[in-house]
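Notes for the one structure printed next.
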Amino acid sequence: MSENLITIRAWGDYACFTRPEMKVERVSYPVMTPSAARGLLEAIFWEPQIYYLIDAIHVIRRGDWFSFRRNEVEDAISLSNSKTWMKEPHKTTPIRAGGGIGTQRSMLALASIEYLITAEVHLTDLGKKGRHPLKTYLDEIKRRSKNGKCYHRPYLGVREFAADFEWEEDAQAALERRAAELGKNWQNIWFEEELGLMLYDVFDHEQRVRGFQWLTDEPTPIKKKMLPRWDGQLVKPEAAFFHANIKNSKLDCHPQRVRLVRNRLIER
Amino acid sequence: MSQNVLANRHDFLLLFEVTNGNPNGDPDAGNMPRIDPNSNHGLVSDVCLKRKVRNFVETFPPKRHENDDSNGFNILIKQGAVIETEQKEAIRSAKDQHKDDKDKQAEAAMKWLCREFFDVRTFGGVLSTGDDVMKGSAWGQVRGPVQFTFGQSYHPITPLEITITRCAVTKEADKAKERTMGSKHIVPYALYSAKGYVSPAFAERTGFTQADLDLLFEALLQMFEHDRSAARGEMVVRGLYDFEHIGTQHENNAEQNKREARLGCAHAHKLFEGIKVDLSDDAKAKGFPESFVDYQVVCEWTNENMPKGIRLHKRHEV
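Residue numbers (the working numbering), protein chains in the order written: chain A, 384 to 651; chain B, 63 to 380.
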């Protein structure tokens, strides 16, 4: 176990980790994806000086499938229209919902899930140039997750499925403790299963090492001696997949141990 | 957006009941009340609650302040095919137009939408950026500070199908019949709870103010009063426990308190666990609840045992 490994226990009533291949009618993966885990950790704490590399997802409660159909609004708010509205507000047309307008969409989601997320915390290039050692950030993550502090409410795939979280010192100990509390053998919560290709992340972790660009309202004035607030490039989203295998209630997803499959577009 | 932007995290628990009505129909099951098939607990979707908040604010919009950059209370996502007679004068045009910079234009449009429309400012929304260079940029999504979870009933529900006689036929073909049979579904009684979270970090981005939050709570408390229908039965809000995070430091240390209040001072699940809802002994013997009398709602939080830095507002007790 390396020094920079953290463990966060996260749980919630519902979760939907949408498969990108079935996006119209949302269908969840049977287990949390590494990118959802990253998003959950970033909701608690994140700064451009660090990035998370998800090590593994341990399953405490697998959850039950349930389907849910809702009336959804088809229209998105059009930015180009709103530019017209800004000039001439009387031209505004509200978006209609309900009463046969819009569309019905179903969602196949999970109910009652609980995971242990183990992740490595690394400094980005910007962080390496900064004043703080990695321990500063690790301490802050620990302080926040112990005290229930978060930048925004973490969620399990979609925002209506809010997540609760707690700091854990050791993943294996926490898994065994929680399994015993639920009256189960920790290995048999989910003994073994091949889940096929699963989304790893839409942001390349190798690009994130190099940095990140803020989309600021105002360009930050560069003062002398002040480190730049960002240092890097605009990262374009690009999906990467991996072969997901559950073994002894654990989804291993460290990029050094799983092979990532990228869908690289050929440059024209 | 010069007003008093919300700076404190809030976690709130909404308790509401239904008597002989259908709180939220399931289109997958012929409009039966939503039910979790694994546990038989009733469900109410997050969007159902948000719809009622929107309808309330649309019906009772607060008066707008005179100054130019005050927030408006219009609703962008409206219910049904409303006739085109909205009070559009309430929507104000934007002053700054960024002619050249596409980035600035998109940003200005997003800010304008947040300022004019209460629902965009509160719940966020997806913006389509069209053919703009902004496609795929962060301006394409507004994340609202207010987040609702599904409402869940505390105990399994037993939906009933009620057959009714309709005096008015709905189809031309049935004209000779004069009357047709119809049906509706009811839940005899159930107490539901839904959780809500308000994240100040997003409030800063959309300009969601303390006044907006007060309006949201007002809407939550009164939404069912203005949503009466035969199908809905009787719906009543029985509790709105609002945990405000205010910071653990001495009041002289306002800076530190402000930082703490933004991130929160305690786990939300621990705060919610302090609101104990259980059947009364009589109801336990009976096995199921028939009215709110059969429930014991106990708030275990007192000034002594409340985690430091949290203030509980019981919004339902006015």
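Backbone N, C-alpha and C fix where the C-beta goes; we use that ideal spot for every residue, glycine too.
Check your understanding: When the cut-off is 8 Å and only beta carbons count, does A545(A) lie next to chain B?
Key -> The residue you call residue 545(A) lines up with position 162 of the first sequence. Yes, contact with chain B.
Check your understanding: With a CB to CB cut of under 7 Å and the five nearest residues on each side skipped, what residues in its chain are close to E577(A)?
Key -> Translated into the one-based positions of the first sequence, residue 577(A) becomes position 194. Correct list, in chain order: N628.
Practice item. Please name the residues in the region 104-119 of chain B whose beta-carbon is closer than 9 Å to at least one beta-carbon of chain A, in chain order. Key: Cβ contacts with chain A: L105, S107, D108, V109, C110, R113, R116.
Point to revise | Three or more C-beta pairs below 8 Å linking the region 240-260 of chain B and the region 637-645 of chain A | key: As far as the Cβ criterion goes, the region 240-260 of chain B does not touch the region 637-645 of chain A, which means the pair count is below three.
Check your understanding: If we count the other Cβ atoms within 10 Å of its Cβ and call it buried at 16 or more, is H127(B) buried or exposed?
Key -> Indexing the second sequence from 1 puts residue 127(B) at position 65. By the C-beta density criterion, H127(B) is exposed, having fewer than 16 other C-beta atoms within 10 angstroms.
Review point. If we count the other Cβ atoms within 10 Å of its Cβ and call it buried at 16 or more, is T211(B) buried or exposed?
Key: The residue given as residue 211(B) occupies position 149 in the second sequence. So T211(B) counts as buried.
Exercise for review: Report the residue from W174(B), V188(B), N93(B), S107(B) whose alpha carbon sits nearest the alpha carbon of I460(A).
Suggested key: Here the question's residue 460(A) lines up with position 77 in the first sequence. Of W174(B), V188(B), N93(B), S107(B), the smallest CA-CA separation from I460(A) is found for V188(B).
**Study point:** The beta strand (DSSP E) enclosing M469(A), as first and last residue numbers
**Key:** One-based indexing of the first sequence puts residue 469(A) at position 86. From DSSP, M469(A) is part of no beta strand (DSSP E) but of the alpha helix (DSSP H) over 462-470.
Exercise for review: Run through the region 510-537 of chain A for me and flag every whole beta strand (DSSP E) of 3 or more residues, listed as ranges in chain order.
Suggested key: Fully enclosed beta strand (DSSP E) runs of 3 or longer: not present.
Exercise for review: Going by DSSP, name the residue or residues bridged to E497(A).
Suggested key: Your numbering for residue 497(A) matches position 114 in the first sequence. Answer is W394(A), R444(A).
Review point. Where DSSP assigns a beta bridge to P95(B), which residues make up the other side?
Key: Mapped onto the second sequence, residue 95(B) falls at position 33. G87(B).
Review point. Starting from P417(A) and walking both ways along the alpha helix (DSSP H), at which residues does that stretch end?
Key: For this step, residue 417(A) is matched to residue 34 along the first sequence. Start and end: 417-427.
**Study point:** When A170(B), M172(B), N136(B) are compared against T476(A), the one with the closest alpha-carbon
**Key:** On the first sequence, residue 476(A) is found 93 positions in, with the first residue counted as 1. Out of A170(B), M172(B), N136(B), N136(B) has the C-alpha closest to the C-alpha of T476(A).
**Study point:** CB contact below 8 Å: T211(B) versus chain A
**Key:** Working through the second sequence from its first residue, we reach residue 211(B) at position 149. Yes, T211(B) counts as interfacial toward chain A.
Point to revise | Cα-Cα separation, L111(B) to L75(B) | key: By 1-based counting over the second sequence, the position of residue 111(B) is 49. By 1-based counting over the second sequence, the position of residue 75(B) is 13. Going from the Cα of L111(B) to the Cα of L75(B) covers about 13 Å.
**Study point:** Neighbour-count burial assignment, H103(B), 16 or more Cβ in a 10 Å radius
**Key:** Residue 103(B) sits at position 41 when you count from the first residue of the second sequence. Burial call: buried.
Practice item. Just the C-alpha distance for A69(B) and P537(A), rounded to the nearest angstrom, thanks. Key: Position 7 of the second sequence, counting from 1, holds the residue named residue 69(B). Position 154 of the first sequence, counting from 1, holds the residue named residue 537(A). Cα to Cα, A69(B) sits roughly 18 Å from P537(A).
Point to revise | Exposed unless 16 or more other CB atoms sit within 10 angstroms - verdict on P413(A) | key: Walking along the first sequence from the start, residue 413(A) turns up at place 30. A residue is called buried once 16 or more other Cβ atoms fall within 10 Å of its Cβ, and P413(A) is buried on that count.
Review point. Got a sec, what are the start and stop residues for the alpha helix (DSSP H) K320(B) sits in?
Key: The count along the second sequence starts at 1 and reaches residue 320(B) at position 258. Element bounds for K320(B): 316-325.
Point to revise | Proximity to N66(B) [Cα-Cα], best of R373(B), P85(B), G295(B), T271(B) | key: The residue labelled residue 66(B) in the question sits at position 4 within the second sequence. Considering only alpha carbons, the answer is T271(B).
Review point. Does the beta carbon of P516(A) come closer than 8 Å to any beta carbon on chain B?
Key: Working through the first sequence from its first residue, we reach residue 516(A) at position 133. No - not a single Cβ of chain B is within 8 Å of the one on P516(A).
**Study point:** Cutoff 8 Å: W174(B) Cβ touching any chain A Cβ
**Key:** Residue numbering aside, residue 174(B) sits at position 112 when the second sequence is read from its first letter. For W174(B), the answer is yes, since a Cβ of chain A falls inside 8 Å of its Cβ.
Practice item. Round the Cβ separation of A419(A) and L539(A) to the nearest angstrom and send it over; I've been treating them as touching at under 8 Å. Key: Within the first sequence, residue 419(A) is the residue found at index 36, counting from 1. Within the first sequence, residue 539(A) is the residue found at index 156, counting from 1. Your pair A419(A) and L539(A) checks out as a contact, with CB atoms roughly 7 Å apart and the cut at 8 Å.
Check your understanding: Sorry if obvious, but does the Cβ on A69(B) come closer than 7 Å to a heavy atom of the ligand GDP?
Key -> In the structure shown, the ligand GDP is absent, as is every other ligand, since no ligand is present at all.
Review point. Three-state secondary structure (DSSP) at G566(A)?
Key: By 1-based counting over the first sequence, the position of residue 566(A) is 183. DSSP places G566(A) in coil when its eight states are reduced to three.
Review point. Taking DSSP as the reference, what is the three-state secondary structure of K140(B)?
Key: Start at 1 with the first residue of the second sequence, and residue 140(B) comes out as number 78. Correct three-state label for K140(B): strand.
**Study point:** Neighbour-count burial assignment, D600(A), 16 or more Cβ in a 10 Å radius
**Key:** Within the first sequence, numbered from 1, the residue matching residue 600(A) stands at position 217. Caution applies to D600(A), whose pLDDT of 44 falls short of 50 and renders its modelled position unreliable; the model cannot decide the point.
Review point. When you compare each of K630(A), D522(A), W569(A), L491(A) to K406(A) by their alpha carbons, which one comes out closest?
Key: On the first sequence, residue 406(A) is found 23 positions in, with the first residue counted as 1. Ranking K630(A), D522(A), W569(A), L491(A) by Cα distance to K406(A) puts L491(A) first.
Check your understanding: By the criterion of Cβ-Cβ separation under 7 Å, what are the contact partners of F180(B) in chain A?
Key -> Within the second sequence, numbered from 1, the residue matching residue 180(B) stands at position 118. Those within 7 Å of F180(B) in chain A number zero; the least Cβ separation is about 12 Å.
Review point. Do D447(A) and N100(B) have their C-beta atoms within less than 8 Å of each other?
Key: If you number the first sequence from 1, residue 447(A) lands on position 64. If you number the second sequence from 1, residue 100(B) lands on position 38. Against a cut-off of 8 Å, the Cβ pair of N100(B) and D447(A) comes out as a contact.
Exercise for review: State yes or no: is the beta carbon of M469(A) nearer than 8 Å to at least one beta carbon in chain B?
Suggested key: Taking the first sequence and counting its residues from 1, one reaches residue 469(A) at position 86. So, interface residue.
**Study point:** Buried or exposed by the 16-neighbour rule on C-beta atoms within 10 Å, applied to I224(B)
**Key:** In the second sequence, residue 224(B) corresponds to position 162, counting from 1. Exposed is the call here.
Check your understanding: Do P95(B) and V249(B) come within 8 Å of each other at the CB atom, strictly closer than that value?
Key -> Counting from 1 along the second sequence, the entry for residue 249(B) is found at position 187. Counting from 1 along the second sequence, the entry for residue 95(B) is found at position 33. The answer is yes: Cβ separation under 8 Å.
Review point. For I437(A) and chain B, any beta-carbon pair shorter than 8 Å?
Key: What you label residue 437(A) is simply residue 54 of the first sequence in a count that begins at 1. Residue-level contact check: I437(A) does not touch chain B, since none of the beta carbons of chain B fall below 8 Å from its beta carbon.
**Study point:** DSSP state of R71(B) mapped onto helix, strand, coil
**Key:** Residue 71(B) sits at position 9 when you count from the first residue of the second sequence. DSSP places R71(B) in coil when its eight states are reduced to three.
Review point. K512(A): buried (16+ other C-beta within 10 angstroms of its C-beta) or exposed?
Key: Mapped onto the first sequence, residue 512(A) falls at position 129. So K512(A) ends up on the exposed side.
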